[in-house]
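Everything below concerns the one structure shown next.
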Amino acid sequence: MGNALIRFAGVGKTFNSSERIVCAVENVDLDIARGELITIVGPSGCGKSTLLNMAAGLFQPSAGAVFYDGAEVTAYNLKTGYITQNDHLLPWRDVAGNIAVPMEIQSRSRPDIRSRLEELVGLVGLNGFERSYPSQLSGGMRKRTALARLLAYDPETLLMDEPFAALDAQLRLNMQIELLKISRRLNKTIIFVTHDLDEAVALGDRCVVFSPRPGTIRQIIKSPLPRDRDLLQLRHDPSYIALTADLWDIITPTLAQTRGEAN
Ligand SMILES: Nc1ncnc2c1ncn2[C@@H]1O[C@H](COP(=O)(O)OP(=O)(O)O)[C@@H](O)[C@H]1O
Ligand SMILES: [Mg+2]
Numbered sequence: 184m185g186n187a188l189i190r191f192a193g194v195g196k197t198f199n200s201s202e203r204i205v206c207a208v209e210n211v212d213l214d215i216a217r218g219e220l221i222t223i224v225g226p227s228g229c230g231k232s233t234l235l236n237m238a239a240g241l242f243q244p245s246a247g248a249v250f251y252d253g254a255e256v257t258a259y260n261l262k263t264g265y266i267t268q269n270d271h272l273l274p275w276r277d278v279a280g281n282i283a284v285p286m287e288i289q290s291r292s293r294p295d296i297r298s299r300l301e302e303l304v305g306l307v308g309l310n311g312f313e314r315s316y317p318s319q320l321s322g323g324m325r326k327r328t329a330l331a332r333l334l335a336y337d338p339e340t341l342l343m344d345e346p347f348a349a350l351d352a353q354l355r356l357n358m359q360i361e362l363l364k365i366s367r368r369l370n371k372t373i374i375f376v377t378h379d380l381d382e383a384v385a386l387g388d389r390c391v392v393f394s395p396r397p398g399t400i401r402q403i404i405k406s407p408l409p410r411d412r413d414l415l416q417l418r419h420d421p422s423y424i425a426l427t428a429d430l431w432d433i434i435t436p437t438l439a440q441t442r443g444e445a446n
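Here it is in structure tokens:
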């Protein structure tokens with residue numbers, strides 16, 4: 184595929200610390216098309232966050248290269264917005280202040296910022312908490328603040344590291360529905376890392392399954408679900424049920440392997 188928006192070409196990453204050398208990922212070849220929603224699943228420690236960090240240009244691969252829109256990513260990739268596992272909210276700013284940061288950087292007008300803030304706060308269900316500080320929020324509320332801030336930045340590509348993990352089921356479903364809408368309506372490209380196999384199948388156009396560390400791509404599953412899928416009806420869809428079952432079968436042996444490693 185010559186027209187990938189994001190291309191991982193023979194990517195490997197090794198970390199050298201004084202105590203040990205860790206090979207986090209190796210031999211990752213993956214082309215992601217513009218407008219595609221890719222989900223990544225794999226056992227803890229297999230290098231999922233490391234891949235996102237390289238797509239964001241936060242650090243360089245030790246082998247191979249990451250390309251964005253045809254150019255090698257060698258510095259911070261401004262076309263991407265990133266929700267890291269640790270949400271990195273500014274503790275001295277309240278919810279509204281945190282969400283407004285990207286819009287202030289873009290020098291948008293006060294009234295413009297105010298109306299967009301209202302929209303975003305409503306979207307992530309934080310009405311009434313605009314003046315709360317991060318230390319006063321639950322984990323799920325912090326994640327939602329970080330998501331609203333990402334949407335305020337409105338990047339071409341969204342890098343999302345387990346963004347909905349701390350949310351209760353109902354809220355998670357609402358956020359998933361919103362994310363699909365954003366992805367389809369605005370043709371955003373999204374790399375979405377999750378622990379949750381059901382979520383990976385529900386959201387992904389393709390689902391990339393990683394092996395335990397050093398992480399390599401074990402399998403790429405193309406979703407049989409239509410792009411404009413109805414998440415509320417998914418649990419009744421036979422192709423969804425079959426695919427989540429397949430994914431469990433692929434993942435379960437790797438979990439056993441990781442457990443063995445930990446013992
Ligand atoms: N900045 C870093 N320095 C040293 N080791 C790291 C760093 N980032 C990640 N690692 C190591 O790389 C491996 C993969 O980590 P990570 O990408 O966070 O996995 P995952 O997100 O799949 O749980 C782990 O063994 C982790 O300890
Ligand atoms: Mg991680």
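First residue of the sequence shown: 184, per the working numbering; consecutive thereafter. Glycine residues also receive a C-beta, built at the ideal position from the N, C-alpha and C atoms.
field: Chain-order list of residues whose beta-carbon lies under 7 angstroms from that of N310 (same chain, five-residue window excluded)
entry: V304
message: From the DSSP secondary-structure annotation, give me the bridge partner or partners of L341.
response: DSSP output for L341 lists G264 and I373 as bridge partner(s).
field: Endpoints, the beta strand (DSSP E) within which E219 is located
entry: That residue, E219, is in no beta strand (DSSP E); it is neither H nor E in DSSP.
- request: Using three-state DSSP, classify E202 as helix, strand or coil.
  value: coil
Residue from V307, Q319, G253 and E302 whose Cα sits closest to the Cα of R276: Q319
message: Applying the 10 Å Cβ sphere with the 16-neighbour rule, what's the burial state of A254?
response: Classification of A254: exposed, given that the 10 Å Cβ count is below 16.
message: Under DSSP, the beta strand (DSSP E) around F247 begins and ends at which residues?
response: For clarity, residue 247 is Gly in the given sequence; the question names Phe instead. Taken as a continuous stretch (DSSP letters only), the beta strand (DSSP E) holding G247 covers A246 to Y251.
field: Opening and closing residue of the beta strand (DSSP E) in which Q416 lies
entry: Element bounds for Q416: n/a, residue is neither H nor E.
field: Proximity winner among D344, L380 and S321, relative to D351 (alpha-carbon distances)
entry: A check of alpha carbon separations from D351 across D344, L380 and S321 identifies S321 as the nearest.
query: In chain order, what residues of the same chain have a beta carbon less than 8 angstroms from the beta carbon of T399, not counting five sequence neighbours either side?
result: V208, E209, N210, V211 and F393
message: Under DSSP, the beta strand (DSSP E) around Q402 begins and ends at which residues?
response: I400 to K405
- request: Note down, in chain order, each residue of its chain lying with its Cβ closer than 8 angstroms to the Cβ of T257, except the 5 sequence neighbours on either side.
  value: G240 and Q243
Endpoints, the beta strand (DSSP E) within which V391 is located: Looking at the DSSP string, the run of the beta strand (DSSP E) that includes V391 is R389 to F393.
Opening and closing residue of the alpha helix (DSSP H) in which A335 lies: G322 to Y336
Own chain, CB closer than 8 angstroms to G323, minus 5 neighbours either side, in chain order: A349, L350, D351 and L354
query: Run through DSSP, which three-state label would R348 get?
result: The sequence given here has Ala at residue 348, not Arg. Coil at A348, not helix or strand.
task: Compare the beta carbon distance of M317 and T328 with 9 angstroms and say whether it is the shorter of the two.
output: The sequence shown places Pro at residue 317, rather than the Met named in the question. Yes, they are a contact pair.
query: Can you find a heavy atom of ligand 1 that lies under 8 angstroms from the Cβ of A207?
result: yes
message: What does the Cβ neighbour count give for A445, buried or exposed, with the cut at 16 atoms within 10 Å?
response: Low local confidence applies: a pLDDT of 47 at A445 is under 50, so the model's placement there is unreliable, and no value is given.
query: Looking at L341 and G371, is the spacing between their C-beta atoms short of 9 angstroms?
result: Looking at the sequence itself, residue 371 is Lys, so the reference to Gly does not match. Yes, Cβ-Cβ distance for K371 and L341 is below 9 angstroms.
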